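A.B. asks: Residue numbers (the working numbering), protein chains in the order written: chain A, 29 to 248; chain B, 22 to 359.
Cβ coordinates follow ideal geometry from the N, Cα and C atoms, glycine included.
Since the structure is predicted, the reported quantities are computational estimates derived from the model, not experimental observations.
Here's a structure for you.
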Amino acid sequence: MSFLSQINWSLMMKAIQETLYMTIISLLFSILLGLVIGLILFITQKDSLYPQRYIFMILNLCVNILRAIPFIILLICLMPVTKLLVGRILGAKAALPALICSASPFYARMCMIALTEVDKGTIEASKAMGATNWQIITKVLLPEAKPALISGIALMGISLVGYTAMAGAIGAGGLGDLAYTYGFARNNLVVTYVSTCFVVLIVFVIQGIGDYIVKKLDKR
Amino acid sequence: MISIQDVSKTFSTHEKQVEALKHCSLDINNGEIFGVIGYSGAGKSTLVRIINQLERQTSGHVFIDGVDISSLSKKDLMKKRMKIGMIFQHFNLLWSRTVKDNIALPLEIAKVPKDKRQEKVKNLIQLVGLEGRENAFPSELSGGQKQRVGIARALANDPTILLCDEATSALDPETTESILDLLTKINHELGITIVLITHQMEVVQKICHRIAVMSEGEIVETGTAKTIFEHPQHPVTKRFVKDISHTGNIERIDQELKTLYPDGVILRLTFDESISDKPILANIIRQTDLPISIVNSHLTHSIAGTLGVMYIHVPEKTTKLDQFIELLVTERVKVEVV
Ligand SMILES: Nc1ncnc2c1ncn2[C@@H]1O[C@H](COP(=O)(O)OP(=O)(O)OP(=O)(O)O)[C@@H](O)[C@H]1O
Ligand SMILES: [Mg+2]
């Protein structure tokens, strides 16, 4: 196992921490933002609970535009905003705005799909019971969509790990950064492979947790 | 009383306009089980959905106990809806909630305090006969049990009206029977007005006091169950009445005859109008010399003409019997072995 001695483990640990930090923080923000946006999209669309053509159109357009911009370009486009918000354009924290801007529209779209898949009949039944829109959202829509919402979180978490690696390449730190600057640029491929193993491990853990929760929740 | 007055409903989609209801008027008395029957697309669902304003009429009025419900404010309408239970063909239960939580949903919506809720749910579970299944999830229940949950849920806020949209259409005949018994019991014991929509004649025949027949958005006939069955006026009604005398009854007769004549062969012969006035049977009996006995027969007159059904019993299977059947078939009589 002598090749492992080529690895600076304290750097590796730091990189793992940075990756987890970026993933978790951006995940939390994106869940919140994505859920709100997805919910608004769902209820304002035609024939839904609270149809609002213009709100829907504008929001939908924003989501589509953000989803269309490749992450690496978004990262560059957002640099001025990042500087304003975070104060610098390097480091794990500086990657957060771009990560969130990229992940929340993605999750918003998934929320919308999850909510659309809720049986229309149950919404109708709750309307017939005299439920308000808010009651329908909190008591019917969200609980019924929960497994899909959770598996969406897992999916988003996994793509976020990928995005953090890309962000790493332009100086955000984390495993991607390590793999690129130490491994590729300095021709130390062992570092690249080991970093990759950790990335894969993180992805597996996220998927595993997601699958487990969905299985627990899904009583269909 | 539910009073539907000159209600029309037009759905506009991009391509065309659908007139789902055309000037419908109907009075439903308190405490009665009122059936609305019609073929698919007749506008039945639209009609009930207008009663609780899930659908807003294009014109006309709906009064419930004298109150024009389309004039109610949003808030008052929601209050009113709590007093109008509804059950559905596909039950529409929340899969994420257990039986007792499903039944508690309307109580939560009505903001009933928790301890009262639990007591209420317990009583409802007893009423619909689901003791022991409180903590099951809908996916663990049979269709009939799911509909019982649906009924309990619909009754949670002590409604005065229960709307049933094809509530038994997804169930087998036996389960249908038990659900209909439950509905009758609810009507009887709680005095709830039931509006029951269906395309199954057996259902209205079994439990409805009065019936309206719908066709293409119009109510074409209204009357008591008895008058509708004995003197159907509109062609659609006649078709329904004809359907039932040929499906519902036949199964029953088959069963009865089988128990009466456990041995030998029972044949069901069906004649249609073109041949029912010829002496076919007499001729064939003479030719084959088969010892038959006629055990049941009836004629149905309808707009489609006269239809005769006759049951005959033969003590044993012989070549004579085969010959007999062959001759009948050549005379275009439908022969079925029961
Ligand atoms: N939301 C809607 N938009 C457009 N057309 C509709 C809508 N709902 C119903 N219709 C149309 O209105 C007519 C009556 O529909 P309705 O659902 O009331 O029929 P039904 O008698 O309940 O039929 P079924 O037995 O199939 O349930 C149909 O032609 C249907 O296509
Ligand atoms: Mg219908």
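Does the contact criterion of 3 or more C-beta pairs under 8 Å hold for the segment 127–138 of chain B versus the segment 152–160 of chain B?
C.D. replies: Taking 8 Å as the limit for Cβ pairs, the verdict is that the segment 152–160 of chain B does not touch the segment 127–138 of chain B.
A.B. asks: DSSP three-state label for C185/B, please.
C.D. replies: Position 164 of the second sequence, counted from the start, is the residue given in the question as residue 185/B. DSSP places C185/B in strand when its eight states are reduced to three.
A.B. asks: For the segment 104–114 of chain A against the segment 164–177 of chain A, do three or more pairs of beta-carbon atoms, one drawn from each stretch, fall closer than 8 Å, so that the two count as touching?
C.D. replies: In short, these stretches do not touch, since the Cβ pair count stays below three.
A.B. asks: Do E155/B and V133/B count as a contact pair if the criterion is CB distance below 7 Å?
C.D. replies: On the second sequence, residue 133/B is found 112 positions in, with the first residue counted as 1. On the second sequence, residue 155/B is found 134 positions in, with the first residue counted as 1. It is not a contact, given that the beta carbons lie outside the stated cut-off.
A.B. asks: Identify the continuous alpha helix (DSSP H) that holds A156/A and give its terminal residues.
C.D. replies: For the purposes of this step, residue 156/A is taken as the residue at position 128 of the first sequence. Start and end: 148–156.
A.B. asks: Got a sec: does ligand 1 put a non-hydrogen atom nearer than 6 Å to the Cβ of K95/B?
C.D. replies: Translated into positions along the second sequence, residue 95/B becomes position 74. Flag unset: Cβ of K95/B not near ligand 1.
A.B. asks: Given that a residue counts as buried once 16 or more other Cβ atoms are within 10 Å of its Cβ, and exposed if not, what is R78/A?
C.D. replies: Here the question's residue 78/A lines up with position 50 in the first sequence. The sequence as given places Tyr at residue 78/A; Arg does not occur at that position. Classification of Y78/A: exposed, given that the 10 Å Cβ count is below 16.
A.B. asks: Mind checking if K244/A is an interface residue toward chain B, Cβ cutoff 7 Å exclusive?
C.D. replies: To locate residue 244/A, count along the first sequence from 1; it is residue 216. Not an interface residue.
A.B. asks: Would you identify the three-state DSSP class for V34/B, choosing helix, strand or coil?
C.D. replies: If you number the second sequence from 1, residue 34/B lands on position 13. Position check: residue 34/B holds Thr in this sequence, whereas Val was assumed. In this structure, T34/B counts as coil in the three-state DSSP scheme.
A.B. asks: Leaving out five residues before and five after I204/B in sequence, what residues of the same chain have Cβ atoms less than 8 Å from its Cβ?
C.D. replies: On the second sequence, position 183 is the one that residue 204/B refers to. The sequence shown places Leu at residue 204/B, rather than the Ile named in the question. Cβ neighbours of L204/B beyond the five flanking positions: I54, I172, L183, C185, A188, I215, L217, I228.
A.B. asks: What are the uninterrupted segments assigned as alpha helix (DSSP H) that are 4 or more residues long and contained completely in the segment 192–219 of chain A, given in chain order?
C.D. replies: Counting only runs of 4 or more, we get 202–205.
A.B. asks: Tell me, please, whether the segment 44–62 of chain B touches the segment 238–257 of chain B by the rule of three or more beta-carbon pairs shorter than 8 Å.
C.D. replies: Counting Cβ pairs under 8 Å, three or more are found: they touch.
A.B. asks: How long is the line joining the alpha carbons of K141/B and R174/B, rounded to whole angstroms?
C.D. replies: Numbered from 1 along the second sequence, position 120 holds the residue referred to as residue 141/B. Numbered from 1 along the second sequence, position 153 holds the residue referred to as residue 174/B. Those two C-alpha atoms are separated by around 10 Å.
A.B. asks: Would you check if there are 3 or more beta carbon pairs closer than 8 Å linking the segment 76–90 of chain B to the segment 107–117 of chain A?
C.D. replies: The segment 76–90 of chain B, when compared against the segment 107–117 of chain A, does not touch it at the 8 Å Cβ threshold.
A.B. asks: Decide yes or no for the touch test of the segment 225–239 of chain A against the segment 193–212 of chain B: beta carbon pairs closer than 8 Å, at least 3 of them.
C.D. replies: In short, these stretches do not touch, since the Cβ pair count stays below three.
A.B. asks: With a threshold of 6 Å (Cβ to nearest heavy atom), would S190/B be considered close to ligand 2?
C.D. replies: Position 169 of the second sequence, counted from the first residue, corresponds to residue 190/B. S190/B: no, Cβ never under 6 Å from ligand 2.
A.B. asks: For the segment 246–254 of chain B against the segment 84–91 of chain B, are there 3 or more C-beta pairs whose distance is under 8 Å?
C.D. replies: Output reads no: the segment 84–91 of chain B does not touch the segment 246–254 of chain B.
A.B. asks: Tell me whether S33/B, by its Cβ, gets closer than 6 Å to a heavy atom of ligand 2.
C.D. replies: In the second sequence, the residue the question calls residue 33/B occupies position 12. No; taking the cut-off as 6 Å, the Cβ of S33/B has no heavy atom of ligand 2 nearer than that.
A.B. asks: Mind pulling the chain B residues with CB within less than 8 Å of K167/A?
C.D. replies: Working through the first sequence from its first residue, we reach residue 167/A at position 139. Under the 8 Å cutoff, chain B gives L126, E129, I130.
A.B. asks: Determine whether the Cβ of S117/B lies closer than 7 Å to any Cβ atom of chain A.
C.D. replies: As a working note, residue 117/B is residue 96 in the second sequence. With 7 Å as the cut-off, S117/B counts as an interface residue toward chain A.
A.B. asks: At which residue ranges does the segment 204–260 of chain B contain complete alpha helix (DSSP H) runs of 4 or more residues, listed in the order of the chain?
C.D. replies: Segments of the alpha helix (DSSP H) lying fully in the segment 204–260 of chain B: 222–228, 246–251.
A.B. asks: Does the segment 216–236 of chain A come within contact of the segment 41–53 of chain A, defined as at least 3 CB pairs closer than 8 Å?
C.D. replies: The segment 216–236 of chain A, when compared against the segment 41–53 of chain A, does touch it at the 8 Å Cβ threshold.
A.B. asks: Mind listing the chain A neighbours of N156/B? Cutoff is C-beta to C-beta under 8 Å, in chain order.
C.D. replies: Position 135 of the second sequence, counting from 1, holds the residue named residue 156/B. What N156/B touches in chain A: nothing, since even the nearest Cβ is about 11 Å away.
A.B. asks: Determine the extent of the alpha helix (DSSP H) in which S54/A is found, giving its start and end residues.
C.D. replies: The sequence position of residue 54/A within the first sequence is 26, counting from 1. Element bounds for S54/A: 37–72.
A.B. asks: Report buried or exposed for A195/A, applying the criterion of at least 16 other Cβ atoms within 10 angstroms of its Cβ.
C.D. replies: As a first step, residue 195/A is located in the first sequence; it is residue number 167 there, counting from the start. By the neighbour-count rule (16 or more Cβ atoms within 10 Å), A195/A is buried.
A.B. asks: Does the distance from the CB of G202/A to the CB of T192/A come in under 7 Å?
C.D. replies: Here residue 202/A is taken as the residue at index 174 of the first sequence, counted from 1. Here residue 192/A is taken as the residue at index 164 of the first sequence, counted from 1. Cβ atoms of G202/A and T192/A: closer than 7 Å.
A.B. asks: Looking at the C-beta of R102/B, does it have a partner C-beta in chain A at a distance below 7 Å?
C.D. replies: Working through the second sequence from its first residue, we reach residue 102/B at position 81. Closer than 7 Å: yes.
A.B. asks: From the DSSP output, read off the bridge partner residues of G164/B.
C.D. replies: The sequence position of residue 164/B within the second sequence is 143, counting from 1. Beta-bridge pairing links G164/B to no other residue.
A.B. asks: In whole angstroms, give me the CA-to-CA distance for S323/B and G329/B.
C.D. replies: Start at 1 with the first residue of the second sequence, and residue 323/B comes out as number 302. Start at 1 with the first residue of the second sequence, and residue 329/B comes out as number 308. Bear in mind that a pLDDT of 42 at S323/B, under 50, signals an unreliable position, so the number given afterwards is only what the model happens to contain. Between S323/B and G329/B, the C-alpha separation is close to 11 Å.
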